[in-house]
Amino acid sequence: MASIESARDSGQEASRVPSSTSPASESGRRGWGGTFSALAERDYAVYFVGNLSFFLAMQMDQLLRGLFALRITDGAWALGVVSVANALPMLIVAPFGGVIADRYSKKKLLLWTQGFIATINVLFTVLIFLDLVEFWHLLLGAFLQGITFSVAMPVRNALVPQLIPRHKLMNAVSLQMGGMNLTRIIGPALAGLLVAPLGIGAVWGIEAALFATATLSILPLPSHGMTGRAGGGEAMLGQLAGGFRYIGRAPLIRVLLLSALVMPLFAFPVQLVLPVFAIKVYDMDSGALGILMAFAGIGGLIGALLTASLDSVPHKGRIMLIGALLQGGAFIAFALTPYFPVALVLLAAGNVGGMLFMTTNNSVIQTRVPEEFRGRVMAVLMMSFGVMPLGVLPMTLAADAIGAPAAVVISSTLMILTLAAFFISSSQLRTLQVTPGRRAELSPAQAAALVAEGKITEEEAAQLTGLAEAPAAGDA
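The opening position of the sequence shown corresponds to residue 4 in this note's numbering, with each subsequent residue numbered one higher.
As structure tokens, this is what we get:
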């Protein structure tokens, strides 16, 4: 049997990432100097590039789908109907997507799901060029993509901890969220700029090509360590119930998931009333809306990068609390200021705070949940986005009745009070501390490959990955 040292060398060679960082220097690298440390891992870097392509296509899709719905129906109602068709599967299918993520190879699942999404968009591009598109095509496409996203997204989130050494996980999750926010800035702007000179069919073809690129990026990822240990011969419904039982007996995970619901209920709807601020509050044209959305995305990007630089700071509960207070306070000030330039800064600041909260929440969950439950827990986290219509409807009704500024003040105040109640009632949340842990030599996928080759034992793999230190299911 190979020694631990030789296995370490083999694992680094297999992943083509030389480890030139000593444990002391790794643990001592703090702040902005280590912001992009996760990208030094080849497997994660490949995943990250594919992730950018995937979410860039998603952001373009939202703009193009809404634009095409308006062109076909000439009615704003079509935007809501298409949005519901896309979001509804998140509440229904996402829990089963989590079971699938824990049960089958994550690499194969991503190849199938993302390949299917790319195929849908290729077919839709062809229909546009043939001038055969009808509204029901949009609805069907949105619904099918919603179903597929409900499987692909839990798989994508559950895949990250397999590709990265354990001590870099929080940095990797933060960079993933930062990349998503970067696409929020670039995607809609790119699609909007290209539609006029190229036509909507050509731009939809670019979107399909980006989805295809994201699918191809999965091919170089490792095949070992991609299948969870869940279930054995247990039926899917039994595994689904098992995931909820785990959440029920893990108080920290439970309160983190419940607190995550606050954002789609009270904070995210603020983004959806930005058109009201641009046109009715500031009496500007639609160009102002693009500027508002860009500043929201810039704030989110800064927040994600800031969180990545704070991955070695143990007081995660404090970071989440500061982020929530910053978002709520900045949004209230944004709603009340009559000055557009000041509003831009406040909107960006609010999104910095929101990203501090959400990214820290997400990364703590990923760190603390055992591998066999990770897909199901991340699916429940994804379901929180399915409750967004419950926050959007009251926000829009309130905006019509009492004005958008007052609606945002009320919603942001409720967000602060609700999260304050969580922190007051949960000592685990108030005192939450998570550290990157000791420097892990290998990612779980790298170690799994060495185990499959007979170079190390399962016990040695647990030591080299740091998984031997992972919390037990009941302790999370």
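We put the CB at the ideal spot given by N, CA and C, even for glycine.
I459 to M180, Cα distance in whole Å? Working through the sequence shown from its first residue, we reach residue 459 at position 456. Working through the sequence shown from its first residue, we reach residue 180 at position 177. Each residue's alpha carbon lies about 34 Å from the other.
Would you mind sorting K319 into buried or exposed? The rule is 16 or more other CB atoms within 10 Å of its CB. Mapped onto the sequence shown, residue 319 falls at position 316. Result: buried.
Whole angstroms are fine: how far does the CA of N354 sit from the CA of V258? Taking the sequence shown and counting its residues from 1, the one referred to as residue 258 is at position 255. Taking the sequence shown and counting its residues from 1, the one referred to as residue 354 is at position 351. Going by the C-alpha atoms only, they are around 22 Å apart.
Within its chain, find whatever has a CB closer than 7 Å to the CB of A311; leave out the 5 residues flanking it on each side and keep chain order. As a first step, residue 311 is located in the sequence shown; it is residue number 308 there, counting from the start. Here the set comprises T38, N174, S177, L178 and G181.
Quick one, are the C-beta atoms of A382 and G100 less than 7 Å apart? As a position in the sequence shown, residue 382 is number 379, starting the count at 1. As a position in the sequence shown, residue 100 is number 97, starting the count at 1. Taking 7 Å as the Cβ cut-off, A382 and G100 qualify as a contacting pair.
Determine the burial state of Q62: buried for a count of at least 16 other Cβ atoms within 10 Å of its Cβ, exposed for fewer. Your numbering for residue 62 matches position 59 in the sequence shown. Q62 comes out buried.
Quickly, what does DSSP pair T230 with across the bridge? List them, please. Walking along the sequence shown from the start, residue 230 turns up at place 227. For T230, which the question treats as bridged, DSSP gives the partners S108.
Excluding sequence positions up to five away, which residues of its chain have a Cβ less than 7 Å from the Cβ of E461? Position 458 of the sequence shown, counted from the first residue, corresponds to residue 461. Result list for E461: V454, in chain order.
Which of helix, strand or coil DSSP assigns to P341: Position 338 of the sequence shown, counting from 1, holds the residue named residue 341. Note: P341 maps to coil in three-state DSSP.
How would you label L435, buried or exposed, when you count the other beta carbons within 10 angstroms and need 16 or more for buried? Start at 1 with the first residue of the sequence shown, and residue 435 comes out as number 432. The residue is buried, with at least 16 neighbouring Cβ atoms inside 10 Å.
S28 in three-state terms, based on DSSP: Taking the first residue of the sequence shown as 1, we reach residue 28 at position 25. The predicted model places S28 with a pLDDT of 40, which falls under 50 and marks its position as unreliable; any figure quoted below should be read in that light. Three-state DSSP puts S28 in a helix.
Using 10 angstroms around the beta-carbon of S50, count the other beta-carbons present and answer buried if the total reaches 16, otherwise exposed. Numbered from its first residue, the sequence shown carries residue 50 at position 47. First, the amino acid is wrong: residue 50 is Tyr here, not Ser. Result: buried.
Helix, strand or coil, according to DSSP, for F132 in the structure here? Taking the sequence shown and counting its residues from 1, one reaches residue 132 at position 129. Three-state DSSP puts F132 in a helix.
Under DSSP, the alpha helix (DSSP H) around H318 begins and ends at which residues? Reading the sequence shown from its first residue, position 315 is the one you call residue 318. From DSSP, H318 is part of no alpha helix (DSSP H); its letter is neither H nor E.
Specify, as a first and last residue, the run of the alpha helix (DSSP H) that I419 falls within. Reading the sequence shown from its first residue, position 416 is the one you call residue 419. Its alpha helix (DSSP H) spans residues A407 to S428.
R433 to A404 span [Cα, whole Å]: Within the sequence shown, numbered from 1, the residue matching residue 433 stands at position 430. Within the sequence shown, numbered from 1, the residue matching residue 404 stands at position 401. Near 37 Å, if we compare the C-alpha coordinates of A404 and R433.
Considering only heavy atoms of the ligand NAD, does any lie closer than 6 Å to the CB of A450? In the structure shown, the ligand NAD is absent, as is every other ligand, since no ligand is present at all.
Own chain, CB closer than 6 Å to A351, minus 5 neighbours either side, in chain order: Counted from its first residue, the sequence shown places residue 351 at position 348. Within the same chain, A351 has close Cβ partners F298, I301 and G302.
Beta carbon of A402, beta carbon of V273: below 7 Å? The residue labelled residue 402 in the question sits at position 399 within the sequence shown. The residue labelled residue 273 in the question sits at position 270 within the sequence shown. Contact: no.
Going by DSSP in three states, T434 sits in which element: helix, strand or coil? Position 431 of the sequence shown, counted from the first residue, corresponds to residue 434. In this structure, T434 counts as coil in the three-state DSSP scheme.
Could you compute how far the alpha carbon of E29 sits from the alpha carbon of P317? For the purposes of this step, residue 29 is taken as residue 26 along the sequence shown, with counting starting at 1. For the purposes of this step, residue 317 is taken as residue 314 along the sequence shown, with counting starting at 1. In this prediction, E29 scores a pLDDT of 43, lower than 50, which makes its location untrustworthy; the coordinate-derived value is nonetheless stated afterwards. So the two alpha carbons sit approximately 15 Å from each other.
Relative to the C-alpha of V206, which residue among D64, L112 and Q330 is closest? For the purposes of this step, residue 206 is taken as the residue at position 203 of the sequence shown. With distances taken between Cα atoms, V206 lies closest to D64.
Indicate whether M296 and A97 have their beta-carbon atoms separated by less than 7 Å. Taking the first residue of the sequence shown as 1, we reach residue 296 at position 293. Taking the first residue of the sequence shown as 1, we reach residue 97 at position 94. No; because the gap between Cβ atoms is not below 7 Å, this pair is not in contact.
Residues in the same chain with beta-carbon distance under 8 Å from V85, minus the five sequence neighbours each way, listed in chain order, please. As a position in the sequence shown, residue 85 is number 82, starting the count at 1. Result list for V85: R68, G69, A72, L141, L142 and A145, in chain order.
Indicate the three-state DSSP secondary structure (helix, strand or coil) for K171 in the structure shown. Looking up residue 171 in the sequence shown gives position 168. Helix at K171.
Could you have a look at E44 and say whether DSSP puts it in helix, strand or coil? As a first step, residue 44 must be located in the sequence shown, where it is residue number 41. Coil, per DSSP.
Is the CB-CB distance between G251 and P447 below 7 Å? As a working note, residue 251 is residue 248 in the sequence shown. As a working note, residue 447 is residue 444 in the sequence shown. No, the Cβ-Cβ distance between G251 and P447 is not below 7 Å.
From V154, P92 and G208, residue whose alpha carbon lies closest to that of L130: Position 127 of the sequence shown, counting from 1, holds the residue named residue 130. The candidate whose alpha carbon is nearest that of L130 is G208.
In or out: G202 buried (at least 16 other Cβ within 10 Å) or exposed? Here residue 202 refers to the residue found at position 199 when the sequence shown is read from its first residue. Looking at its Cβ environment, which holds fewer than 16 other Cβ atoms inside 10 Å, G202 is exposed.
G241: buried (16+ other C-beta within 10 angstroms of its C-beta) or exposed? On the sequence shown, position 238 is the one that residue 241 refers to. G241 is exposed by the Cβ-count criterion.
Going by DSSP in three states, K283 sits in which element: helix, strand or coil? The count along the sequence shown starts at 1 and reaches residue 283 at position 280. Three-state DSSP puts K283 in a helix.
Roughly how many angstroms separate the alpha carbons of A104 and Y285, rounded to a whole number? On the sequence shown, residue 104 is found 101 positions in, with the first residue counted as 1. On the sequence shown, residue 285 is found 282 positions in, with the first residue counted as 1. When rounded, the distance between both Cα atoms is 46 Å.
Which term fits R74, buried or exposed, when burial requires 16 or more other beta carbons within 10 angstroms of its beta carbon? As a position in the sequence shown, residue 74 is number 71, starting the count at 1. Counting Cβ neighbours within 10 Å, R74 comes out exposed, since fewer than 16 surround it.
Mind the definition here: the stretch 362 to 382 touches the stretch 155 to 164 only if three or more C-beta pairs lie below 8 Å; say whether that holds. yes
Whole-angstrom distance between L420 and A212, CA atom to CA atom: Here residue 212 refers to the residue found at position 209 of the sequence shown. Here residue 420 refers to the residue found at position 417 of the sequence shown. Looking at the two C-alpha atoms, the distance is approximately 44 Å.
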